[in-house]
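Notes for the one structure printed next.
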Amino acid sequence: MKKLNLKLLSALLVPMAFILASCEKDDPVPEVDQEVITAVTLTFAEVDDADVPVAGSAFEVVARDVEGISLGNSPEIDVISSLEAGKKYQLEISLYNGIADEDVTVEVAEDDTEHQFYFLGSALVGEAAFLTYAYNDSDGNGNPVGLKGNIAVDESATSNAGTFRVVLRHDSNKDFTGADDPNFENFEQAGGESDLDVTFQVTL
Amino acid sequence: MLHKRDKSNIIVFDFESLFMAIKSLLLIQILITIFCNTAFSKEPCNFTVRGKVIHDENNEPIEDAYIWINELEKGTISDEKGNFRIDDLCKGSYSIKVTFLGHQEEKKKIDIERNASITFRMKGDDVLLEGIEIHGHRDAVITTSTVSSLTGRILDESRGKNLGEMLKQISGVTTFTTGANIAKPVIHGLHSNRIMILNNGIRQEGQQWGSEHAPEIDPFMADEIAVVKGAETVRFGPEAMGGVIVVNPPSLPVSKGIKGEVNLIGASNGRSGTAAVNISGGSDKIKGLGYRIQSSGKYGGNIRSPDYFQSNTGVRELNFSGALGYSSTRLGMELFYSRFQTTLGILGDAHTGNLSDLQAIIENGRPFREADFTYDIVNPRQEVIHDLLKAKAHYHLSNGAKFNFQYGFQQNQRQEFDKRRGELNNRAALDLELFTNTLDLSYDHATRKHWNGSVGLSVMQQVNNNIPGTGVTPLIPNYDMYNLGFFAIEKFTKGHLELEGGLRYDHRFVDAVRFNQNQELEKKIYTFRNFTAFLGGIYSISQNITLSTNFGSAWRPPNINEQFSQGLHHGSAAYEYGNPDFKSEQAYKWINTFSYTGNRFNFELTGYLNQINHYIYLNPTEEQLVSLRGTFNIFQYEQTNARLWGLDLTSNYEIHPNLEWYARGALIRAKDMVHGNNLPFIPVDRIESGLTFKMKQVGKLTQNRITLSNLAVAQQKREPDFDFAPAPSGYHLWNMSMSTYIPIGDNKLNVGLAVTNVLDTAYKEYMNRFRYFSHEMGRNITLRIKYNF
Numbered sequence: 164m165k166k167l168n169l170k171l172l173s174a175l176l177v178p179m180a181f182i183l184a185s186c187e188k189d190d191p192v193p194e195v196d197q198e199v200i201t202a203v204t205l206t207f208a209e210v211d212d213a214d215v216p217v218a219g220s221a222f223e224v225v226a227r228d229v230e231g232i233s234l235g236n237s238p239e240i241d242v243i244s245s246l247e248a249g250k251k252y253q254l255e256i257s258l259y260n261g262i263a264d265e266d267v268t269v270e271v272a273e274d275d276t277e278h279q280f281y282f283l284g285s286a287l288v289g290e291a292a293f294l295t296y297a298y299n300d301s302d303g304n305g306n307p308v309g310l311k312g313n314i315a316v317d318e319s320a321t322s323n324a325g326t327f328r329v330v331l332r333h334d335s336n337k338d339f340t341g342a343d344d345p346n347f348e349n350f351e352q353a354g355g356e357s358d359l360d361v362t363f364q365v366t367l
Numbered sequence: 004m005l006h007k008r009d010k011s012n013i014i015v016f017d018f019e020s021l022f023m024a025i026k027s028l029l030l031i032q033i034l035i036t037i038f039c040n041t042a043f044s045k046e047p048c049n050f051t052v053r054g055k056v057i058h059d060e061n062n063e064p065i066e067d068a069y070i071w072i073n074e075l076e077k078g079t080i081s082d083e084k085g086n087f088r089i090d091d092l093c094k095g096s097y098s099i100k101v102t103f104l105g106h107q108e109e110k111k112k113i114d115i116e117r118n119a120s121i122t123f124r125m126k127g128d129d130v131l132l133e134g135i136e137i138h139g140h141r142d143a144v145i146t147t148s149t150v151s152s153l154t155g156r157i158l159d160e161s162r163g164k165n166l167g168e169m170l171k172q173i174s175g176v177t178t179f180t181t182g183a184n185i186a187k188p189v190i191h192g193l194h195s196n197r198i199m200i201l202n203n204g205i206r207q208e209g210q211q212w213g214s215e216h217a218p219e220i221d222p223f224m225a226d227e228i229a230v231v232k233g234a235e236t237v238r239f240g241p242e243a244m245g246g247v248i249v250v251n252p253p254s255l256p257v258s259k260g261i262k263g264e265v266n267l268i269g270a271s272n273g274r275s276g277t278a279a280v281n282i283s284g285g286s287d288k289i290k291g292l293g294y295r296i297q298s299s300g301k302y303g304g305n306i307r308s309p310d311y312f313q314s315n316t317g318v319r320e321l322n323f324s325g326a327l328g329y330s331s332t333r334l335g336m337e338l339f340y341s342r343f344q345t346t347l348g349i350l351g352d353a354h355t356g357n358l359s360d361l362q363a364i365i366e367n368g369r370p371f372r373e374a375d376f377t378y379d380i381v382n383p384r385q386e387v388i389h390d391l392l393k394a395k396a397h398y399h400l401s402n403g404a405k406f407n408f409q410y411g412f413q414q415n416q417r418q419e420f421d422k423r424r425g426e427l428n429n430r431a432a433l434d435l436e437l438f439t440n441t442l443d444l445s446y447d448h449a450t451r452k453h454w455n456g457s458v459g460l461s462v463m464q465q466v467n468n469n470i471p472g473t474g475v476t477p478l479i480p481n482y483d484m485y486n487l488g489f490f491a492i493e494k495f496t497k498g499h500l501e502l503e504g505g506l507r508y509d510h511r512f513v514d515a516v517r518f519n520q521n522q523e524l525e526k527k528i529y530t531f532r533n534f535t536a537f538l539g540g541i542y543s544i545s546q547n548i549t550l551s552t553n554f555g556s557a558w559r560p561p562n563i564n565e566q567f568s569q570g571l572h573h574g575s576a577a578y579e580y581g582n583p584d585f586k587s588e589q590a591y592k593w594i595n596t597f598s599y600t601g602n603r604f605n606f607e608l609t610g611y612l613n614q615i616n617h618y619i620y621l622n623p624t625e626e627q628l629v630s631l632r633g634t635f636n637i638f639q640y641e642q643t644n645a646r647l648w649g650l651d652l653t654s655n656y657e658i659h660p661n662l663e664w665y666a667r668g669a670l671i672r673a674k675d676m677v678h679g680n681n682l683p684f685i686p687v688d689r690i691e692s693g694l695t696f697k698m699k700q701v702g703k704l705t706q707n708r709i710t711l712s713n714l715a716v717a718q719q720k721r722e723p724d725f726d727f728a729p730a731p732s733g734y735h736l737w738n739m740s741m742s743t744y745i746p747i748g749d750n751k752l753n754v755g756l757a758v759t760n761v762l763d764t765a766y767k768e769y770m771n772r773f774r775y776f777s778h779e780m781g782r783n784i785t786l787r788i789k790y791n792f
């Protein structure tokens with residue numbers, strides 16, 4: 164009987180010794196951050212009366228944060244300085260993830276029903292506003308996205324400087340009352356979260 | 004001036020905040036007075052003997068002990084609290100005999116001149132009963148520290164809840180929740196890695212560092228859930244500084260026959276259904292061979308707050324466990340396997356993009372998105388699987404000593420899915436696998452007159468791996484961890500006095516490696532060494548009054564996230580970073596309990612003081628981080644010295660054989676002693692009281708009970724310097740429940756109906772991380788059916 168008991172005990176101990184010996188951590192694998200936007204490019208192009216871009220008029224304004232979201236670095240943000248009073252422009256936005264070398268614009272366009280840009284800041288909203296934005300694209304449900312739009316600069320602007328805030332909402336309710344207004348200041352109320360919230364300075 | 008006021012806050016008991024609670028008790032008190040004055044009319048043969056049957060070695064109550072009065076040939080059986088009563092006794096002298104399987108018979112002579120009360124302390128039968136040792140297989144916690152447990156009826160009535168919610172019935176235990184489905188138990192203000200959970204004797208090793216990581220435990224597996232409120236590092240190893248939760252399954256059958264239990268539970272809020280089956284039996288061929296298989300599942304949808312549905316708060320759970328055991332005179336062995344598997348939805352609005360998102364939703368006070376009821380779970384969600392394999396054996400040596408062996412293997416897989424773009428939605432943003440091997444060897448020396456004790460060795464080996472391919476820089480590194488501990492515990496028992504002391508030495512080695520956000524390889528090696536000790540005692544002043552005290556030290560090495568965190572926490576729009584150079588936390592907890600067990604009145608008061616040096620906490624810096632995504636607050640893990648103290652109260656009074664009143668309450672204070680601040684997320688003062696109407700027999704229905712209770716929770720007035728929003732106001736909840744047992748042949752059916760938050764009160768709980776933008780659950784009606792066969 165005693166021998167049997169010892170056998171039983173060793174039957175328990177032996178497999179355990181194997182498990183103890185065979186378990187070690189894996190070598191870590193670097194992850195390429197997929198959710199990061201390291202550059203936002205606003206491409207303005209002057210348009211004629213038929214809203215057709217004038218050749219050679221396009222210029223880019225960029226906000227960059229090369230390391231993505233990390234401590235110690237603030238984004239570098241260009242100033243929008245080439246807009247002229249009384250003119251109309253087409254605005255296209257492109258987004259880039261420099262860490263994964265990916266064009267995020269394509270992902271946003273593919274998931275367009277879940278994304279929408281809002282355009283805020285003193286240049287667009289409030290008494291001193293001198294820019295007017297209008298969406299010029301739509302998602303699969305006919306709601307605006309904002310990857311492409313038109314901007315008109317007020318001819319008799321009372322102010323010639325302000326802020327231009329671009330917010331990209333993800334997973335918001337586009338049917339929410341007021342959500343189709345590009346200058347919707349209470350965009351949070353439509354739910355979702357901000358994938359992007361960047362403020363440019365604008366001077367005429 | 005400000006400093007002075009702060010100081011007075013910690014010393015002066017806050018009467019104001021408890022005033023409303025007391026007011027609510029007044030009505031109940033009036034009822035008591037009315038009943039007391041009408042319930043008793045004197046008759047010659049109406050004396051009652053009441054008493055309690057407990058294990059001599061640990062004061063745990065004994066259920067189903069047989070109490071017999073020889074002269075009258077009349078007897079009864081003790082209930083789940085070990086209590087019994089025998090009514091209608093005439094004046095005279097009687098001899099009472101108490102028997103319980105595996106224990107020596109106890110006899111007492113009593114003279115009845117008035118109602119009497121007796122406590123029987125049952126000594127374990129070392130001369131083994133029919134060659135089969137019963138009690139030795141139980142993992143009952145034997146300690147001089149304060150222990151509260153949920154067993155029997157109380158456990159039955161809380162079936163269907165998660166572990167955290169169940170434990171709230173113990174005073175001093177609350178929960179730290181993340182939304183409606185994730186609840187972590189909090190003992191005396193401490194949670195996560197500062198407390199320990201023993202799942203069937205094995206220390207639970209999941210990703211416990213996260214506040215949104217609920218314990219991976221199926222409460223249906225247990226027939227006893229106990230909370231040890233003292234610092235128990237010596238017995239159980241590092242981290243048990245706030246207390247230990249012990250989840251024990253029933254002992255395996257040792258004689259032939261099959262029995263089982265089926266539970267069916269439906270709840271209105273979340274429209275959830277829960278089912279659980281438990282079958283156990285003993286072999287008729289091999290004596291001492293027993294088995295048990297058990298399974299449970301839950302399916303629930305969106306939780307409703309009084310004014311809205313909380314989006315994406317569904318839950319799925321599927322659990323299984325099996326055990327096989329063999330028991331003979333000398334040898335006991337058990338093999339156990341369990342799997343816990345869950346999918347949890349997380350309130351979508353909780354995932355905020357940046358600080359202004361968070362501020363907007365806090366200002367709104369409730370989720371922005373209107374949700375309907377659905378069972379569907381979308382991102383953000385968690386998928387967790389926890390497997391446990393355990394082998395256990397003990398062997399009685401011929402000199403009376405005992406050798407114990409226990410080995411456990413755990414595998415914890417945690418995947419967390421975030422709201423992301425396109426295909427990434429199907430890839431976990433956090434994907435971790437944690438393997439833990441534990442080996443515990445101990446030797447209980449033979450009892451020598453007043454002394455017994457044990458020495459032991461415990462080995463733990465752990466591996467944490469990030470599963471590559473998440474597309475997110477991992478929050479915590481891959482690591483190997485080894486922990487070796489030695490301990491010795493000795494107990495002295497004489498008469499009504501028990502003294503116990505112990506020592507332990509631990510050595511821990513951690514080897515962690517990862518790629519940080521800048522793709523640089525980081526490698527860190529740590530060694531932690533620590534001595535811990537405890538000393539405790541229990542003294543029974545009289546049959547009714549017991550005093551216990553326990554002073555223990557404990558330690559906790561810094562969590563891997565406290566050392567390595569560097570990244571965004573979307574729930575709090577915070578950029579958190581850790582400190583790889585932290586020292587271990589050192590705790591000293593002193594806990595004292597006064598307990599009175601009377602004829603009709605029971606009372607237990609526990610007071611404790613816990614000093615934790617090098618206490619690690621997340622400190623909001625005043626800095627902010629600006630990124631293309633917006634602004635974030637910067638939080639940094641720091642160390643300070645913390646002091647926590649508090650009181651737990653439990654009391655019940657039998658107003659009339661048909662009517663019982665109970666109350667339990669807890670008060671807790673916690674302070675950062677270096678900066679003079681209050682610690683964040685400390686449970687608020689609370690008191691719960693209720694009246695239970697009991698009827699032993701109504702037709703075929705037995706043990707009928709109807710309970711109406713009120714929970715009053717104050718506002719947290721001791722807030723930390725920084726918080727996103729002020730503490731929510733206090734609240735009152737009314738709850739009611741009824742239950743009955745119906746015998747069907749030899750079998751038993753238990754039916755229970757409970758309504759929580761009867762008035763559908765909209766309230767927020769300070770201890771919910773989502774309180775900033777969501778309310779707690781509204782009214783919930785639960786129907787439970789349990790069938791024993």
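Top to bottom, those sequences are chains B and C. Counting from 1 along the first sequence, just add 163 to a position and that's the residue number in my numbering. Counting from 1 along the second sequence, just add 3 to a position and that's the residue number in my numbering. Heads up, the beta-carbon is just placed ideally off N, CA and C, and yes, glycines get one too.
### Query
Who pairs with Leu682 of chain C in a beta bridge, going by DSSP?
Beta-bridge pairing by DSSP links Leu682 of chain C to no other residue.
### Query
Which runs of the beta strand (DSSP E) spanning at least 3 residues fall entirely within the region 532-559 of chain C, listed in chain order?
Listed in chain order, the beta strand (DSSP E) runs fully inside the region 532-559 of chain C are 548-559, counting runs of at least 3 residues.
#### Entry: CA-to-CA distance, Ser308 of chain C to Phe776 of chain C, given in whole angstroms
Their backbone Cα atoms lie some 12 Å apart in a straight line.
#### Entry: is_contact[Ala576 of chain C, chain B] using C-beta, thresh 7 Å
Against chain B, the CB of Ala576 of chain C has no partner CB under 7 Å away; the residue lies outside that interface.
### Task
Mind checking who Glu525 of chain C pairs with in its DSSP beta bridge?
C:Arg517, per the DSSP bridge assignment.
#### Entry: Residue range of the beta strand (DSSP E) that includes Asp421 of chain C
That residue, Asp421 of chain C, is in no beta strand (DSSP E); it is neither H nor E in DSSP.
### Task
Note down, in chain order, every chain B residue with its Cβ under 8 Å from the Cβ of Tyr656 of chain C.
Against Tyr656 of chain C, chain B offers no close residue; the least beta-carbon distance is about 50 Å (beta-carbon pairs closer than 8 Å).
#### Entry: Between the CA atoms of Ala186 of chain C and Phe339 of chain C - distance to the nearest angstrom
Roughly 26 Å separates the two Cα atoms.
### Task
Report the residue from B:Leu287, B:Phe350 and B:Ala218 whose alpha carbon sits nearest the alpha carbon of Asp317 of chain B.
Nearest of B:Leu287, B:Phe350 and B:Ala218 to Asp317 of chain B, Cα basis: B:Leu287.
### Query
So does the region 203-216 of chain B actually touch the region 269-279 of chain B, counting three or more Cβ pairs closer than 8 Å?
Contact check between the region 203-216 of chain B and the region 269-279 of chain B: fewer than three CB pairs, one atom from each, fall below 8 Å, which does not count as touching.
### Message
Counting only beta-carbon separations shorter than 7 Å, does Tyr97 of chain C have a partner in chain B?
### Response
Not one chain B Cβ lies under 7 Å of Tyr97 of chain C.
### Task
Starting from the N-terminal side, write out each stretch of the alpha helix (DSSP H) that is 4 residues or longer and does not extend beyond the region 182-227 of chain B.
With a minimum length of 4 residues, no continuous alpha helix (DSSP H) run stays inside the region 182-227 of chain B.
### Message
Short of 7 Å in beta carbon distance, which residues of its chain neighbour Gly231 of chain B, apart from the five on each side in sequence? Order them along the chain.
### Response
Excluding sequence neighbours, Gly231 of chain B sits near Asp196, Val199, Thr201 and Ile262.
### Task
For chain B, find out if any of its Cβ atoms is closer than 7 Å to the Cβ of Ala363 of chain C; answer yes or no.
At least one beta carbon of chain B lies nearer than 7 Å to the beta carbon of Ala363 of chain C.
### Message
List, in chain order, every chain B residue whose beta-carbon is nearer than 9 Å to that of Asp483 of chain C.
### Response
Going along chain B in sequence order, the residues near Asp483 of chain C (Cβ under 9 Å) are Cys186, Glu187 and Lys188.
### Message
Rounded to the nearest angstrom, what separates Val224 of chain B and Thr204 of chain B at their Cα positions?
### Response
Their Cα atoms are separated by approximately 6 Å.
### Task
Starting from Met199 of chain C, trace the beta strand (DSSP E) both ways and give me its first and last residue.
Start and end: Met199 to Asn202.
### Query
Does the beta carbon of Val162 of chain B sit closer than 7 Å to a beta carbon anywhere in chain C?
This structure cannot speak to residue 162 of chain B, because chain B is shown only from 164 to 367.
### Message
Would Glu194 of chain B pass as an interface residue toward chain C - the criterion being a Cβ-Cβ separation below 7 Å?
### Response
Judged by the 7 Å Cβ criterion, Glu194 of chain B is in contact with chain C.
#### Entry: Three-state class that DSSP yields for Gly273 of chain C in the structure shown
The answer is coil: DSSP assigns Gly273 of chain C none of H, G, I, E or B.
### Query
So, is the C-beta of Phe518 of chain C closer than 7 Å to a C-beta in chain B?
At least one chain B Cβ lies under 7 Å of Phe518 of chain C.
### Task
Assuming Arg206 of chain C contacts Phe239 of chain C (C-beta within less than 8 Å), just tell me the rounded distance between them.
Indeed, because the Cβ distance is near 6 Å, the residues count as touching under 8 Å.
### Query
Which chain B residues sit within Cβ distance under 7 Å of Thr473 of chain C?
Simply Glu194.
### Query
For Lys789 of chain C, is the classification buried or exposed, using 16 other Cβ atoms within 10 angstroms of its Cβ as the cut-off for buried?
Around the beta carbon of Lys789 of chain C, 16 or more other beta carbons lie within 10 angstroms, which makes this residue buried.
### Message
As a quick exercise: from C:Phe606, C:Tyr329 and C:Phe420, pick the residue whose alpha carbon is nearest that of Leu652 of chain C.
### Response
Checked all of C:Phe606, C:Tyr329 and C:Phe420; the closest Cα to Leu652 of chain C is C:Phe606.
### Message
In this structure, how does DSSP classify Phe635 of chain C when only helix, strand and coil are distinguished?
### Response
Strand.
### Alpha carbon of Gln364 of chain B to alpha carbon of Arg328 of chain B, nearest angstrom
If you take the alpha carbons of Gln364 of chain B and Arg328 of chain B, they lie about 8 Å apart.
### Beta-carbon proximity check, Ile470 of chain C vs Asn564 of chain C, cutoff 7 Å
Between Ile470 of chain C and Asn564 of chain C, the CB-CB gap reaches or exceeds 7 Å.
#### Entry: Inter-residue spacing [alpha-carbon to alpha-carbon] between Met484 of chain C and Leu437 of chain C
Near 11 Å, if we compare the C-alpha coordinates of Leu437 of chain C and Met484 of chain C.
#### Entry: chain B residues whose Cβ lies nearer than 8 Å to that of Arg423 of chain C
The contacting residues are Gln197 and Glu198.
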